[in-house]
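Trainee: When the letters of the sequence shown are read in order and numbered with full-length UniProt numbering, they come out as residues 1 to 246. Note that the Cβ used here is the ideal one computed from N, Cα and C, for glycine as well. Here the structure is a predicted model, which means the values were calculated and not measured. Below is the structure I would like to discuss, written out as structure tokens.
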Amino acid sequence: MADHHTHHECAQANADYFSKRAQSYRTELSVEIAKRCASFILKKYPFDSNKTEVLDFACGPGLIAFELLPHAKRIIGVDSAPGMVEVFNLSVEDQGISPEKLQCIKSDSLKGDQSDFNGLLFDVIICVRAYHHFEDPVHVTRVFAQHLKPKGRLMIIDFANAGNIEAYFGHLHGHSHVVPHKHGFSSEQMIDMLKAADLQNPQVEGIFTMTKSEMKHYQGYEQFAKVMNSNIDFTFHYFIACGDKA
């Protein structure tokens, strides 16, 4: 019971934190990162604009979903933060896109049964820069695997445990309580998670890095003023982890 309570509090803290950031989340920095991530996602699966159905979990305001949309038949975004869901769906409406092609739904927790994502199955499930926020990423990976179509692919982009990442999250005091995995993840950890979910061909690849000094070239870094103006140096090492449904 205590573990569940801790998990619930962490999930609620994440939802509250990102709801507050929803209106200001789109910056030069966040868009640049989204574009880089989307480019690697597109390289890792043969997207077909007439067939490919995508789930973007912990999608935020949809920065990556909108990048992928021209290459997919349908994308469903899922986020726990009401503010993010609202911003996402307002963007869809403002651009005149049909909700049948792109929409975001709110989900507080994953139960691990057919009630998740209304029982839908997907060709591709992506989860970008969110795994380090999950209290139990092994459980989340298993749920994703259950919602892949045969031959479907799960793609996870997150931080490797390198580049002084722990010091970065440790210094963000207001943010650190919603980051259970402050070290990022090793390749071995990701492979083990994919295997535990019975996904085939598990693989992890480093895709790009972003240094503190590079981040300062983009408008939006000011949101992290506390750590950006400190004497702590760091580099984000991004990886993509993939696993396939049999």
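1) For THR52, which option in LYS149, SER39, LYS73 and LEU68 has the closest C-alpha, if you only look at C-alpha atoms?
2) Helix, strand or coil, according to DSSP, for HIS147 in the structure here?
3) When you compare the CB positions of CYS104 and PHE57, do they come within less than 8 Å of one another, or not?
4) What's the call for ASN89, buried or exposed, on a 16-neighbour Cβ count within 10 Å?
5) Given ILE207, which residues of its chain have a CB within under 6 Å of its CB, disregarding the five upstream and five downstream residues?
6) Just the Cα atoms here: how many angstroms apart are VAL54 and GLU222?
7) Can you give me the C-alpha to C-alpha distance between VAL179 and PRO137, rounded to a whole angstrom?
8) Helix, strand or coil: how does DSSP classify GLY243 here?
9) What separation, rounded to the nearest whole angstrom, lies between the Cα atoms of GLU32 and CYS59?
10) Would you be able to state if there are at least three C-beta pairs under 8 Å between the stretch 91 to 111 and the stretch 61 to 70?
11) Look up LYS73 in the DSSP assignment and say whether it is helix, strand or coil.
12) At 3 residues or longer, and completely inside the stretch 49 to 117: list those beta strand (DSSP E) runs for me, N to C.
13) Given a threshold of 16 other Cβ atoms within 10 Å of its Cβ, counted over all protein chains shown, does PRO202 qualify as buried or as exposed?
14) Pick out the complete beta strand (DSSP E) segments inside the stretch 184 to 215, 3 residues or longer, and give them in chain order.
15) Within 10 angstroms of its Cβ, does HIS217 collect 16 or more other Cβ (buried), or is it exposed?
16) Within the same chain, show all residues whose beta-carbon is closer than 8 Å to that of VAL78, passing over the 5 residues directly before and after it, in chain order.
17) Out of curiosity, what's the CA-to-CA distance linking SER213 and PHE185?
18) According to DSSP, simplified to helix, strand and coil, what is TYR238?
19) In the DSSP assignment, find the beta strand (DSSP E) that holds VAL179 and state where it starts and stops.
20) I'd like to know whether the C-beta atoms of LEU110 and LYS245 end up nearer to each other than 8 Å.
21) Of the choices ARG26, ALA167 and ALA197, whose alpha-carbon is the least far from that of VAL87?
22) For the alpha helix (DSSP H) that contains LEU232, what are its first and last residues?
23) Taking the beta strand (DSSP E) that PHE122 belongs to, which residues open and close that run?
24) Rounded to whole angstroms, what's the CA-CA distance from GLN189 to PHE159? Just pull it up for me.
Mentor: With the structure as the only source:
1) LYS73
2) coil
3) no
4) buried
5) PHE40, TYR238 and ILE240
6) Taking the straight line from one Cα to the other gives about 32 Å.
7) Each residue's Cα considered, the two are about 12 Å apart.
8) strand
9) 16 Å
10) yes
11) coil
12) 53 to 57, 74 to 79 and 102 to 106
13) buried
14) 200 to 211
15) Per the 10 Å Cβ criterion, exposed.
16) LEU55, ASP56, PHE57, ALA58, CYS59, CYS104, ILE105, LYS106, SER107 and PHE117
17) 23 Å
18) strand
19) Here VAL179 belongs to no beta strand (DSSP E), and DSSP marks it neither H nor E.
20) no
21) ARG26
22) Looking at the sequence itself, residue 232 is Ile, so the reference to Leu does not match. No alpha helix (DSSP H) holds ILE232; DSSP gives it neither H nor E.
23) 122 to 128
24) Computed Cα separation, rounded: 12 Å.
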